[in-house]
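Student: By the UniProt record's numbering, the letter at position 42 of the sequence shown is numbered 42, and the numbering carries on one by one without gaps.
The beta carbon of each residue, even a glycine, is placed where N, CA and C say it ideally should be.
In this text the structure is predicted, and so the values were computed from the model without any measurement.
One structure, pasted below without further comment.
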Amino acid sequence: MDVQCLWRFILMTQQRRFQDEILKIESERTIQMMESELEYHRKMSMIFESSLVSEQEHLSRIVRRQQATSQMRNNMRNTFRHSRGDDSQ
C-alpha cells in the first residue's frame, strides 16, 4: 500500500468515526426530545383528567340541585291541588 492510499484510508476511517459519533449524538438528542415530549403529554393528560373530574362533580351537583328543585315544585303543586280539592287530575 502506498502512502497516499494509507492516508486516504486513515482519513475515511476518521470520517466514518466522526459520522458515527454525530449519529450517536443526534440519536441521543432525538431520544431526549421524545422523552420530553412524552412527559409533556403525560402532564397535560393529568391536568385534563383533573379538569374533567372537577367538571363532572360540578355537573353532578347541578343535576342534584335540579332534581331537588323539581321534586319541591312537584310537591308544592300536589299540595296546592290537594288544598283546592283538585285531586282528580
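The alpha helix (DSSP H) that contains D20, what's its start and end?
Tutor: In the sequence shown, the residue the question calls residue 20 occupies position 20. Residues V3 to R84.
Student: Given this structure, state the Cα-to-Cα distance separating N78 from H58, to the nearest angstrom.
Tutor: For the purposes of this step, residue 78 is taken as the residue at position 78 of the sequence shown. For the purposes of this step, residue 58 is taken as the residue at position 58 of the sequence shown. Answer to the nearest angstrom: the Cα atoms are 30 Å apart.
Student: To the nearest angstrom, report how far apart R8 and R16 are at their CA atoms.
Tutor: Locating residue 8 in the sequence shown gives position 8, counting from the first residue. Locating residue 16 in the sequence shown gives position 16, counting from the first residue. Between R8 and R16, the C-alpha separation is close to 12 Å.
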